[in-house]
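Asks: In our numbering, the protein residues as written are 1321 to 1728. Could you have a look at this structure, given as structure tokens, before my questions?
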């Protein structure tokens, strides 16, 4: 196995679907024990954004910070970083080789392997802190195998209903499964149904709940936001997405709660917030035309995205290039986008879960479909040099377009 094989190792069709009992048996076999102080993050939207803010704030504080996020955009190594540096091919392959026989014996899924490798790597590298993002769930998520120093639930909305639950309260119950005995949990601004469920679970586990609040004195300027939050004044993020501002507030609540462990200063907070950038989260990759690539992939995410569009696009006409996975509620996503654009083009991309033309059949009377998204985007660039082009609908689609257009 070499570095080239690493790029396809996790795509092996022989890998199994996630079965928690298999993972538990594997962890028992290897006598898994994880001791790195960690923050565990679940949520429908905002997990990665919150994780990035925390990573950069604690790096500014001088800590060695591990970060595990998903999905990756171009290379699987992106999922596992320490102080912003991807795990090397050499270290990744070494950990795979050490565990490959047991991975196969216990029929682990790719995400279980990646989770285990990340935690072992952070431990071997003696990280001061690790920030671990759930895959898509909570209670039965592969990452839910350690006791953190803080749990975080960023947001809760209807998504992955076949796996997580058919109602907001059921999904909230699943996400709240990351809450541990007497470990505090920070949440984003949740609706009453979701928050009540989280509070009930936390009360049962004697865990304190800290709910983030709205920022104050918010002003959009220079494609970012100046704002205040609780005791903190004169803060700034350099990201044009308003939804990312809310994630920054969640991160600040975590930092506040952990001040007795990590005495972070205002200067370190300013540095961490200011240095945070997020790939394919309202990312601007061109000025003329203005091209925005955003990985929002569910109705809540698209709604939050549209709240920032007018600020960024200003008076430009907006053209939308949209592709999504088959299991997403695109009716509401397209409705939200339609409030800001009369020019929405549907497309597809190379992924087994991506919608093809036939999967859009209910929407083809209202929106044109074109097969090659990269080609369509190039045509838009030529045709609309003074306008705004928004590429959205899926993180995987956003990454595909960015890589196809820029080569990475």
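Note that CB positions come from ideal geometry on N, CA and C, so glycine has one too.
Where do the ends of the beta strand (DSSP E) carrying residue 1776 lie?
Replies: Any property of residue 1776 remains undetermined from this structure, which presents the chain solely from 1321 to 1728.
Asks: Quick one: complete alpha helix (DSSP H) runs, 4+ long, within the region 1597-1653?
Replies: Listed in chain order, they are 1619-1633.
Asks: If we count the other Cβ atoms within 10 Å of its Cβ and call it buried at 16 or more, is residue 1524 buried or exposed?
Replies: It is exposed - the Cβ of residue 1524 has fewer than 16 other Cβ atoms within 10 Å.
Asks: Just mark residue 1676 as buried or exposed, buried being the case when its beta carbon has 16 or more other beta carbons within 10 Å.
Replies: exposed
Asks: Going by other Cβ atoms of all chains shown within 10 Å of its Cβ, with 16 needed for buried, is residue 1655 buried or exposed?
Replies: exposed
Asks: Starting from residue 1548, follow the beta strand (DSSP E) in both directions and report where the run begins and ends.
Replies: 1545-1549
Asks: Here's a check: name, in chain order, each residue in its chain whose Cβ is nearer than 6 Å to the Cβ of residue 1529, leaving out the five neighbours to either side.
Replies: 1505, 1519, 1522
Asks: How big is the Cα-Cα spacing for residue 1400 and residue 1574?
Replies: 21 Å
Asks: With respect to the beta strand (DSSP E) encompassing residue 1663, which residues constitute its N-terminal and C-terminal limits?
Replies: Run containing residue 1663: 1663-1668, per the beta strand (DSSP E) assignment.
Asks: Let's see if you can read the secondary structure: which residues bound the alpha helix (DSSP H) around residue 1673?
Replies: Residue 1673 -> no alpha helix (DSSP H), and no H or E assigned at all.
Asks: Are residue 1617 and residue 1707 touching if we call contact CB-CB under 8 Å?
Replies: No, the Cβ-Cβ distance between residue 1617 and residue 1707 is not below 8 Å.
Asks: Would you call residue 1535 buried or exposed, if buried means 16 or more other Cβ atoms sit within 10 Å of its Cβ?
Replies: Buried: at least 16 other Cβ atoms inside 10 Å.
Asks: Residue ranges of each alpha helix (DSSP H) run of no fewer than 4 residues wholly in the region 1401-1442, ordered along the chain?
Replies: 1409-1425
Asks: Going by other Cβ atoms of all chains shown within 10 Å of its Cβ, with 16 needed for buried, is residue 1718 buried or exposed?
Replies: buried
Asks: Please work out which residues of its chain come closer than 6 Å, Cβ to Cβ, to residue 1363, disregarding the five sequence neighbours upstream and downstream, and give them in chain order.
Replies: Excluding positions up to five away in sequence, the list reads 1473, 1474, 1475.
Asks: In the DSSP assignment, the alpha helix (DSSP H) including residue 1386 goes from what residue to what residue?
Replies: No alpha helix (DSSP H) contains residue 1386, which is instead part of the beta strand (DSSP E) from 1385-1388.
Asks: Taking just the CA atoms, how far does residue 1611 sit from residue 1692?
Replies: 17 Å
Asks: Which runs of the beta strand (DSSP E) at least 3 residues long sit entirely within the region 1336-1398? Give them in chain order.
Replies: 1358-1362, 1385-1388
Asks: Identify every residue that forms a DSSP beta bridge with residue 1470.
Replies: 1359
Asks: Let me know the beta strand (DSSP E) ranges lying completely inside the region 1551-1587, each 3 residues or longer, listed in chain order.
Replies: Those beta strand (DSSP E) runs which fall completely within the region 1551-1587 and span 3+ residues are 1552-1557.
Asks: Would you list the one or two residues that DSSP bridges to residue 1539?
Replies: The partner list for residue 1539 (beta bridge, DSSP) reads 1546.
Asks: Would you kindly work out how many angstroms separate the C-alpha atoms of residue 1609 and residue 1385, rounded to a whole number?
Replies: 37 Å
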